[in-house]
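Residue numbers (the working numbering), protein chains in the order written: chain A, 256 to 365; chain B, 14 to 128.
Ideal placement from N, C-alpha and C gives every residue a C-beta, glycine not left out.
The structure appears below as structure tokens.
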Amino acid sequence: TQLLEQSPQFLSIQEGENLTVYCNSSSVFSSLQWYRQEPGEGPVLLVTVVTGGEVKKLKRLTFQFGDARKDSSLHITAAQPGDTGLYLCAVSGGYQKVTFGIGTKLQVIP
Amino acid sequence: GAGVSQSPSNKVTEKGKDVELRCDPISGHTALYWYRQSLGQGLEFLIYFQGNSAPDKSGLPSDRFSAERTGGSVSTLTIQRTQQEDSAVYLCASSLVSLTTDTQYFGPGTRLTVL
């Protein structure tokens, strides 16, 4: 059983469409992170959310941490081909080992 | 400043040979992770070093895999008697751990191909 469940695992959309991907767990976390990995590179941190109900925006990306701090969503508005990549959520508890979800592989078709 | 570096960037080896992969973390980062990523897949945790604590080796897939971190800095992942299923990208990440956050900084990876 995965600590973090990400859905969908694969998503292929047309340029300009909106999308939402999810990261869910039955556990409560002090913080949650989203990373994006582009082909041939290592993952890069997009955002860290720490407060239940918190919403953070990064240009066309909107991240939300659930009120109970068990889940998170990432919404992309007007997707562009440059958004193509693997989106990973990750959690840790202070000095505990970081755990990643399996990721959502997004393809944005021009 | 310098990020995480890994070497070699690509390694092709024959089945049965031993390989060593190197990771140079960001200076001052206390935590270091090794992951394996097969083509199109997510990250598979291998091993975790945190300060002077005993490493968490729970992700190592077999006893052919080992890793060490010398002087709290550079780490080497060793795979003995390589098999074709070991072919993957091996990623290293380091972080400066605090009670509130644990941002991981990844290297570019080493692509290992076992023929």
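CB contact check: residue i to chain A, cutoff 8 Å
{"i": "Tyr61 (chain B)", "result": "yes"}
{"i": "Gly41 (chain B)", "result": "no"}
{"i": "Thr26 (chain B)", "result": "no"}
{"i": "Thr126 (chain B)", "result": "no"}
{"i": "Leu45 (chain B)", "result": "no"}
{"i": "Pro38 (chain B)", "result": "no"}
{"i": "Thr123 (chain B)", "result": "no"}
{"i": "Gln34 (chain B)", "result": "This sequence places Leu at residue 34 (chain B); Gln is not what is there. No, because no Cβ of chain A sits closer than 8 Å to the Cβ of Leu34 (chain B)."}
{"i": "Leu52 (chain B)", "result": "no"}
{"i": "Leu56 (chain B)", "result": "yes"}
{"i": "Phe78 (chain B)", "result": "no"}
{"i": "Asp31 (chain B)", "result": "no"}
Where residue i falls: helix, strand or coil (DSSP)
{"i": "Glu296 (chain A)", "result": "coil"}
{"i": "Asp99 (chain B)", "result": "helix"}
{"i": "Thr83 (chain B)", "result": "helix"}
{"i": "Gly337 (chain A)", "result": "helix"}
{"i": "Arg324 (chain A)", "result": "coil"}
{"i": "Asp31 (chain B)", "result": "coil"}
{"i": "His42 (chain B)", "result": "coil"}
{"i": "Arg124 (chain B)", "result": "strand"}
{"i": "Glu57 (chain B)", "result": "strand"}
{"i": "Lys70 (chain B)", "result": "coil"}
{"i": "Arg291 (chain A)", "result": "strand"}
{"i": "Val305 (chain A)", "result": "coil"}
{"i": "Phe284 (chain A)", "result": "coil"}
{"i": "Ser22 (chain B)", "result": "coil"}
{"i": "Val110 (chain B)", "result": "coil"}
{"i": "Ser88 (chain B)", "result": "strand"}
Strand pairing of residue i, partner residues [DSSP]
{"i": "Ile357 (chain A)", "result": "Ile357 (chain A) is not bridged to any residue."}
{"i": "Gln269 (chain A)", "result": "A:Ile364"}
{"i": "Phe62 (chain B)", "result": "B:Leu45"}
{"i": "Thr317 (chain A)", "result": "A:Lys312 and A:His330"}
{"i": "Leu369 (chain A)", "result": "Missing from the structure shown is residue 369 (chain A); chain A here goes from 256 to 365 and no further."}
{"i": "Gln50 (chain B)", "result": "B:Val102"}
{"i": "Asp37 (chain B)", "result": "B:Ser18"}
{"i": "Leu274 (chain A)", "result": "A:Ile331"}
Interface flag, residue i vs chain B, CB-CB below 8 Å
{"i": "Gly347 (chain A)", "result": "Here residue 347 (chain A) turns out to be Ser, not Gly, going by the sequence shown. Yes, Ser347 (chain A) counts as interfacial toward chain B."}
Partner residues on chain D for residue i, Cβ-Cβ distance less than 7 Å
{"i": "Gly120 (chain B)", "result": "This model lacks chain D altogether, as its protein chains are A and B."}
At least three beta-carbon pairs within less than 8 Å, the stretch 261–272 of chain A to the stretch 316–324 of chain A
No, because fewer than three Cβ pairs between the stretch 261–272 of chain A and the stretch 316–324 of chain A fall closer than 8 Å, the two stretches do not touch.
Give me the subset of the stretch 82–107 of chain B whose CB atoms are less than 8 Å from a CB atom of chain A, sorted by chain position.
For the stretch 82–107 of chain B, residues whose beta-carbon sits nearer than 8 Å to a beta-carbon of chain A comprise Leu104 and Ala106.
Any chance the stretch 84–102 of chain B sits against the stretch 276–286 of chain A, with 3 or more Cβ pairs inside 8 Å?
Counting C-beta pairs with one atom in each stretch, the stretch 84–102 of chain B and the stretch 276–286 of chain A have fewer than three that are closer than 8 Å, which means they do not touch.
Taking any Cβ of chain B, which residues in the stretch 335–365 of chain A have a Cβ under 8 Å from it, in chain order?
Listed in sequence order: Leu341, Leu343, Ala345, Ser347, Gly349, Tyr350, Lys352, Val353, Thr354, Phe355, Gly356, Ile357, Gly358 and Lys360.
To be precise: take each residue of the stretch 291–302 of chain A, compare its Cβ to all Cβ atoms of chain B, and keep it if any distance is under 9 Å. Which residues remain?
Listed in sequence order: Gln292, Gly295, Glu296, Gly297, Pro298, Val299 and Leu300.
Does the pairing of the stretch 18–31 of chain B with the stretch 40–53 of chain B give three or more beta-carbon distances under 8 Å?
Judged by pairs of C-beta atoms under 8 Å, the stretch 18–31 of chain B does not touch the stretch 40–53 of chain B, as fewer than three such pairs exist.
Is the number of C-beta pairs between the stretch 297–315 of chain A and the stretch 327–344 of chain A that are closer than 8 Å three or more?
Taking a cut-off of 8 Å on C-beta distances, the stretch 297–315 of chain A touches the stretch 327–344 of chain A, as three or more cross pairs fall below it.
Any 3 or more C-beta pairs closer than 8 Å across the stretch 340–359 of chain A and the stretch 26–35 of chain B:
In short, these stretches do not touch, since the Cβ pair count stays below three.
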